[in-house]
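Numbering (the working numbering), first residue to last: -2 to 279.
Beta carbons are placed, not taken as given, at the ideal position from N, Cα and C, and that holds for glycine.
All remarks here apply to the structure that follows.
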Amino acid sequence: MMTKTMQITQHRPGTSQLGANAKGRLGQVSPWIAILLLLALAGCAHQRAAPESQRWARSQQLVLVTLPHWDADRGTLRTYMRDGRGWQAVGAAAPVVVGRAGAGWGLGLHAPQPAGPAKREGDGRNPAGVFAIGQAFGYVPGVATALPYTAMQPSHYCIDVVGSPLYDQIVDARVVGEAAVKGSTEPMRRDIHADGDQRYRLGFVIEHNPDNVQGAGSCIFAHLWKTPDTATSGCTAMDEATMQRLLVWLRPQHRPIFVLLPQAEYARLQRNWQLPVLEAGR
C-alpha cells in the first residue's frame, strides 16, 4: 500500500501560519467548499488508517485451517459464522492434510507480510493468508451445494505451466485446444488420467493468486484426501464427510473466506485481522 508524506511548513512567531497571500486566497473560498475539502481530507486519512480486516469485513463465513508451524503437513480445520456478536464456531473441528513442505505466504486478500516463506510454483507449500472461496467442482453432474459448481470432464485441466497465458486457470481443451494444455500436470479428472485417483471427486477453489501472477503458485484447491497420512502438493485435503459438510454449508451471499496460518502467525494476526479467538480443546 502506498503512503503519502505530508509536508509541514514552519512559521515565525507573530506571523500567520498560512501567510498573508494564502490567507487572502482562503478568504475567497466559500465556507461550504472549505468544509467539503476538510471532510475529503478526513476521509482520505480514515481510508489510509482503515484496518486490513475491512477487506473481508462483510464476510460471514470462515473456513479456518491452522498448522503447528510453517513446515507442518497436517493441520486442523474449523468453521465459523459471523453475526452481531462476532465469529461463532459452527460444527466440530476436523483434521486436514496440506502441502508436503507446509505453507508459505500466498497472494490473497491480505497485505504482504514481513517474514516467513513465500508460496512459489512447485514448492509443495500451501498458500498462507486470507482468500476468497471460488467455485466447487467434481466428477458427477451435480452436488448438494449453493456454490457455483462445474462437473469436470476428461478435457478439463488446471494450467500449472509457468509462462502459459492460461496459467492458474481451469480450462477445457475442447475450447482452448490440446496444445494449450500440453505440459499441465493438473488434469481435473484424475480418475481418468491418474489411475483412478478420487481426490478431485469433490472440491472447491481457494482463490490464491487471483491475478494469475506467473510462478506465484497455481491450482490451489480444497479436495478429498488420498489417505489421512498423504500430504498434497499445496492443497488442503480432508475426508469426504468434512467436504460434504462444507459444500452444503457455504453460501456465496455470505462471502465466505478461507484462512490458513501457522499457529504463531495466527496469534500475531488474530486481533488485527479480526479473526476468532481459538477455544482451548477445539
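8 Å Cβ shell around I32 - same chain, five flanking residues per side excluded: The pLDDT assigned to I32 is 49, lower than 50, so where the model puts this residue is not dependable; a value taken from the coordinates is nonetheless given after this. None.
Alpha carbon of T123 to alpha carbon of R75, nearest angstrom: Reading off the sequence, residue 123 comes out as Asn, not Thr. Distance from the CA of N123 to the CA of R75, rounded to the nearest whole angstrom, comes to 17 Å.
Under the three-state DSSP convention, the category P249 falls into: helix
Sub-8 Å separation of P253 and Q58 beta-carbons: yes
Boundaries (first-last residue) of the alpha helix (DSSP H) holding Y263: 260 to 266
Residue interval of the beta strand (DSSP E) (run including V95): Unbroken run through V95: none, as it is neither H nor E.
Residue nearest to G105 in terms of C-alpha spacing, selected from A115, H220, V127: V127
Span of the beta strand (DSSP E) around D80: 71 to 80
The stretch 125 to 145 / the stretch 255 to 262 touching (three or more Cβ pairs under 8 Å): Enough Cβ pairs lie closer than 8 Å, so yes.
Range covered by the alpha helix (DSSP H) that runs through R187: 187 to 190
Reduced DSSP category for T142 - H, G, I as helix; E, B as strand; rest coil: coil
Exposed unless 16 or more other CB atoms sit within 10 angstroms - verdict on P259: buried
Cβ-based burial, T310 [other Cβ within 10 Å; buried from 16]: The chain is shown only over -2 to 279; residue 310 falls outside these bounds and no answer can be derived.
Residue(s) in a DSSP beta bridge with E183: Beta-bridge pairing links E183 to C155.
Buried/exposed call for A238, threshold 16 Cβ in 10 Å: exposed
Where D157 falls, given that 16 or more other Cβ within 10 Å makes a residue buried: Result: buried.
Entirely enclosed beta strand (DSSP E) segments - the stretch 216 to 243, minimum 3 residues: The stretch 216 to 243 contains, as complete beta strand (DSSP E) runs of 3+ residues, the segments 218 to 221, 233 to 235 (chain order).
Candidates G72, G121, R171, P249, of which the one nearest F201 by Cα: Of the candidates G72, G121, R171, P249, the one whose C-alpha sits nearest the C-alpha of F201 is P249.
Touching by the beta-carbon criterion (3+ pairs, under 8 Å), the stretch 219 to 228 and the stretch 77 to 96: Proximity of the stretch 219 to 228 to the stretch 77 to 96 meets the contact definition, three or more beta-carbon pairs being nearer than 8 Å.
C-alpha gap between R79 and A54, whole angstroms: 10 Å
Start and end residues, alpha helix (DSSP H) containing R171: Under the DSSP assignment, R171 falls in the alpha helix (DSSP H) whose first and last residues are 170 to 173.
Alpha-carbon to alpha-carbon, F134 and D236: 16 Å
Nearest residue (CA-CA) to L64, options Q271, G214, E262: E262
Rounded separation between G174 and S152 - CA only: 10 Å
Cβ-Cβ separation, H205 to G193 (assumed contact under 8 Å), whole Å: Not really, about 28 Å apart at Cβ, beyond 8 Å.
Cβ-Cβ separation, P111 to G101 (assumed contact under 8 Å), whole Å: Rounded, the Cβ-Cβ distance is 14 Å, inconsistent with contact.
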